[in-house]
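Protein chains: 2
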Amino acid sequence: VADSFAGRFAAVRAARGPRVWGLDPSGKLLEDWGLGDSPDGLDRFADLVVPVAAETVGLVKPQSAFYERHGWRGLRTLARLIEQARAADLLVIADVKRGDVGSTNDAYASAYLGPDAPFAADAVTVHPYLGLGAMGAFVSRAHESGGCVLIVTRSSNLEGREIQAARVPGPGGGTVEEKLLAEIGQLNQKLAPEAVGPVGAVVAPAPPSPELPELPLTSMNGLFLAPGIGAQGYRPDDVKRTFAACPERVMPSASRSLLAAGPDPSRLRAAVSEMAAEFR
Amino acid sequence: VADSFAGRFAAVRAARGPRVWGLDPSGKLLEDWGLGDSPDGLDRFADLVVPVAAETVGLVKPQSAFYERHGWRGLRTLARLIEQARAADLLVIADVKRGDVGSTNDAYASAYLGPDAPFAADAVTVHPYLGLGAMGAFVSRAHESGGCVLIVTRSSNLEGREIQAARVPGPGGGTVEEKLLAEIGQLNQKLAPEAVGPVGAVVAPAPPSPELPELPLTSMNGLFLAPGIGAQGYRPDDVKRTFAACPERVMPSASRSLLAAGPDPSRLRAAVSEMAAEFR
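See the structure below:
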């Protein structure tokens, strides 16, 4: 278990805290930082943020969309960023939200997980619209390589409520998000019965409310990525309340609110360290 | 409307038929074809298939996963394939199944739709797990650039049934897939009241059955991508029966079953032409 993602996260958490820095270089941000909204500007962004991340956090989460919009050159930067971040002992979550039929997921999994992957991340986000049953390649690759697959379950935006809160047919019932957590729990139980398993969930750090009923988080036996701190309106206190039952299994993530402090490295470092303190 | 995707598809359909050739170069296929499972092998695959496609079909659908697994070099090939296919008057559907929160979808949409996109496809597939309401950037870019956004609604695999057949909460009810088709219809009604709109749906060519209840296809006022012909078990007759109410709005797609005829160009040409005949 020492080499599992959960084991590596526990070590990082003890040493540097649980927080994740989302690396989302939008066109506006690249312009605001004076780097230029271009593949070269994106390269300079990567050069600038990786060293700051290595000094301040344990995990980074590049959002693929902001690299894809610069075409293959942007993806070359993403590959380099992932490699350099891991070389600096950061855990890297590739936020790609892929997901397709089984044979296509084989190909996606080999792109993002495992030592030979061209974008060899420690963890990858996927969406479940084509079913958790089609995710076998992601799950087995994550399990075998000490990686983690994070299933988007309750997203940080509200537009997804119709689907996420829909009730599944057949006996057992429950909502889509409840059912996903139960199925993830079964997978983890099988793969890592005595430990925190390789399948996790993306769950918004939104305290329970009439629109967002409480989820059975503890039985899942996996890690949670809690996105949207800061710019999307969630606060550290929301994380604490939402995951009160399993605080040691949450990876809270902030992106835009931290990047707004750049491009000066010392100001960036201060902003990221401040978020760090809020989660101690 | 002449420049809308629906208008361009109607022209292509009249001239070359409605069929879509899925370009899914798996590692096994590249080996079987003697090209090598490498970025160079992928490049040779692209060189080989684009001319054959230009002679035999009106649309191609590269599946991104099979290019991403070769890293940025594979995506450089994808960009080149898209450009060369469009230069040969093929319509290109980028099968990427992206989807995220609104601000991230802005970035994804600018990667795949519009004249300045690095992967400037004619149409793009997206998944709706984070909500159709978050898809504004895809929809407006598709509308403005004569493109199309295809929302995965009923996938070609059965593992997604739990989510796709779940019942949405609140008044109106219905299943997730029914609700999506209704919402797509509303978007199209607003954007293209007198025509076939820029938002389409991916719907498996599975004739109605107890597990797959009939969908309200005609009211959607958009195009359908019907994947999975051949290797996934669907036949041309299934397409005919499933879309009997709107045959002129379906793009039936086959991938592996056609590629199996390669690498010899004349055998490939024959296999693709044969599929063509089946849809006339």
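So the protein lines, in turn, are chains A and B. Sequence positions in the first sequence follow the working numbering and run 17 to 296. Sequence positions in the second sequence follow the working numbering and run 17 to 296. From the three backbone atoms N, C-alpha and C, an ideal C-beta is built for every residue, glycine too.
Next on the checklist: Tell me which residues share the same chain as A/Val17 and place their Cβ nearer than 6 Å to its Cβ, disregarding the 5 neighbours each side in the sequence.
Outcome noted: As a first step, residue 17 of chain A must be located in the first sequence, where it is residue number 1. Since pLDDT at A/Val17 reaches only 39, below the 50 mark, its modelled position is unreliable, and the value read off the structure follows with that caveat. Taking A/Val17 as the centre and dropping the five residues before and after it, the same chain places the C-beta of Gly23, Ala211 closer than 6 Å to its C-beta, in chain order.
Item to check | Close-in-space but distant-in-sequence residues of the same chain around A/Glu230 (CB under 6 Å, 5 per side omitted) | outcome: Locating residue 230 of chain A in the first sequence gives position 214, where the first residue counts as 1. Shown here for A/Glu230: same chain residues with a beta carbon closer than 6 Å to its own, the five before and five after excluded, namely Pro224 in chain order.
Next on the checklist: I need the boundaries of the beta strand (DSSP E) containing A/Asp111, first residue and last residue.
Outcome noted: By one-based count along the first sequence, residue 111 of chain A stands at place 95. Start and end: 107-114.
Checklist entry - Which chain A residues sit within Cβ distance under 7 Å of B/Val165? => result Taking the second sequence and counting its residues from 1, one reaches residue 165 of chain B at position 149. B/Val165 does not reach chain A, its nearest Cβ partner there being about 15 Å away, counting only Cβ pairs nearer than 7 Å.
Checklist entry - By how many angstroms is the C-alpha of A/Ser273 removed from the C-alpha of B/Met291? => result Taking the first residue of the second sequence as 1, we reach residue 291 of chain B at position 275. Taking the first residue of the first sequence as 1, we reach residue 273 of chain A at position 257. Here the C-alpha atom of B/Met291 lies approximately 52 Å from the C-alpha atom of A/Ser273.
Item to check | Opposing strand residues paired with B/Arg183 [DSSP bridges] | outcome: Indexing the second sequence from 1 puts residue 183 of chain B at position 167. Beta bridge pairing from DSSP links B/Arg183 with A/Arg183, B/Thr191.
Item to check | 7 Å CB neighbourhood of A/Thr72 in its chain, flanking five on each side removed | outcome: On the first sequence, residue 72 of chain A is found 56 positions in, with the first residue counted as 1. Cβ neighbours of A/Thr72 beyond the five flanking positions: Arg285, Val288, Ser289, Ala292.
Next on the checklist: Is the beta carbon of A/Leu75 closer than 8 Å to that of A/Val36?
Outcome noted: Taking the first sequence and counting its residues from 1, one reaches residue 36 of chain A at position 20. Taking the first sequence and counting its residues from 1, one reaches residue 75 of chain A at position 59. The criterion of a C-beta distance shorter than 8 Å is satisfied by A/Val36 and A/Leu75.
Checklist entry - Quick one, which residues of the segment 140-153 of chain A are near chain B if we go by CB-CB under 8 Å, in chain order? => result Listed in sequence order: His143, Pro144, Tyr145, Leu146, Gly147, Leu148, Gly149, Ala150.
Checklist entry - Touch check for the segment 233-242 of chain B and the segment 206-222 of chain B: three-plus C-beta pairs under 8 Å? => result Yes: at least three Cβ pairs fall under 8 Å.
Item to check | Span of the alpha helix (DSSP H) around B/Ser126 | outcome: For this step, residue 126 of chain B is matched to residue 110 along the second sequence. B/Ser126 -> alpha helix (DSSP H) spans 118-128.
Item to check | Below-8 Å beta-carbon distance, B/Tyr250 vs any chain A residue | outcome: Counting from 1 along the second sequence, the entry for residue 250 of chain B is found at position 234. No, its Cβ sits nowhere closer than 8 Å to a Cβ of chain A.
Next on the checklist: Relative to the C-alpha of A/Ala69, which candidate in A/Glu294, A/Leu275, A/Ala81 has its C-alpha closest?
Outcome noted: If you number the first sequence from 1, residue 69 of chain A lands on position 53. Per the C-alpha coordinates, the member of A/Glu294, A/Leu275, A/Ala81 positioned closest to A/Ala69 is A/Leu275.
Checklist entry - What does A/Thr120 touch in chain B if you count any residue whose Cβ is under 7 Å from its own? => result Working through the first sequence from its first residue, we reach residue 120 of chain A at position 104. Gln79, Ala81, listed in chain order.
Checklist entry - By the criterion of Cβ-Cβ separation under 8 Å, what are the contact partners of B/Ala103 in chain A? => result As a position in the second sequence, residue 103 of chain B is number 87, starting the count at 1. Residues of chain A with a Cβ closer than 8 Å to the Cβ of B/Ala103 do not exist; the shortest Cβ-Cβ separation is about 17 Å.
Checklist entry - Of all the CB atoms in chain B, is at least one closer than 8 Å to the CB of A/Asp116? => result By one-based count along the first sequence, residue 116 of chain A stands at place 100. Interface residue, yes.
Checklist entry - For a contact meaning CB atoms closer than 9 Å, what does B/Pro221 contact in chain A? => result Counting from 1 along the second sequence, the entry for residue 221 of chain B is found at position 205. Near B/Pro221 there are no residues of chain A at all, since even the closest Cβ is about 14 Å away, more than 9 Å.
Item to check | Residues, ordered as in the chain, of the segment 172-186 of chain A that lie near chain B by beta-carbon distance below 9 Å | outcome: Taking 9 Å as the Cβ-Cβ cut-off, the segment 172-186 of chain A approaches chain B at Ser172, Asn173, Leu174, Glu175, Gly176, Arg177, Glu178, Ile179, Gln180, Ala181, Ala182, Arg183, Val184, Pro185, Gly186, given in chain order.
Checklist entry - In the structure shown, what three-state DSSP assignment does B/Pro34 receive? => result The residue labelled residue 34 of chain B in the question sits at position 18 within the second sequence. DSSP, reduced to helix, strand and coil, places B/Pro34 outside both helices and strands of the structure shown, so it counts as coil.
Next on the checklist: Tell me which residue opens and which closes the beta strand (DSSP E) that B/Arg170 is part of.
Outcome noted: Taking the first residue of the second sequence as position 1, residue 170 of chain B is located at position 154. Where B/Arg170 is concerned, the enclosing beta strand (DSSP E) stretches over 164-170.
Checklist entry - With 8 Å set as the bound, which would you pick, yes or no: does the beta-carbon of B/Val17 sit closer than that to a beta-carbon of chain A? => result What you label residue 17 of chain B is simply residue 1 of the second sequence in a count that begins at 1. In this prediction, B/Val17 scores a pLDDT of 39, lower than 50, which makes its location untrustworthy; no coordinate-derived value is stated.
Item to check | N-terminal and C-terminal residue of the alpha helix (DSSP H) that A/Thr258 is part of | outcome: For the purposes of this step, residue 258 of chain A is identified with residue 242 of the first sequence, where counting begins at 1. Note, A/Thr258: alpha helix (DSSP H), 252-258.
Item to check | Cβ-Cβ distance between B/Pro232 and B/Leu197 below 8 Å | outcome: Counting from 1 along the second sequence, the entry for residue 232 of chain B is found at position 216. Counting from 1 along the second sequence, the entry for residue 197 of chain B is found at position 181. With a cutoff of 8 Å on beta-carbon distance, B/Pro232 and B/Leu197 are scored as near each other.
Checklist entry - Just checking my contact of A/Gly147 with B/Glu178 at CB under 8 Å: how many whole Å lie between their CB atoms? => result Within the first sequence, residue 147 of chain A is the residue found at index 131, counting from 1. Within the second sequence, residue 178 of chain B is the residue found at index 162, counting from 1. Yes, they are in contact, since the Cβ atoms of A/Gly147 and B/Glu178 sit about 7 Å apart, within 8 Å.
Next on the checklist: Cβ closer than 7 Å: which chain A residues qualify as neighbours of B/Arg92?
Outcome noted: Stepping through the second sequence from its first residue, residue 92 of chain B is reached at position 76. Result: Trp88.
Item to check | B/Lys206 at chain A interface by Cβ criterion, 8 Å | outcome: Here residue 206 of chain B refers to the residue found at position 190 when the second sequence is read from its first residue. No, because no Cβ of chain A sits closer than 8 Å to the Cβ of B/Lys206.
Item to check | Whole-angstrom distance between B/Glu160 and B/Ala137, CA atom to CA atom | outcome: What you label residue 137 of chain B is simply residue 121 of the second sequence in a count that begins at 1. What you label residue 160 of chain B is simply residue 144 of the second sequence in a count that begins at 1. Near 14 Å, if we compare the C-alpha coordinates of B/Glu160 and B/Ala137.
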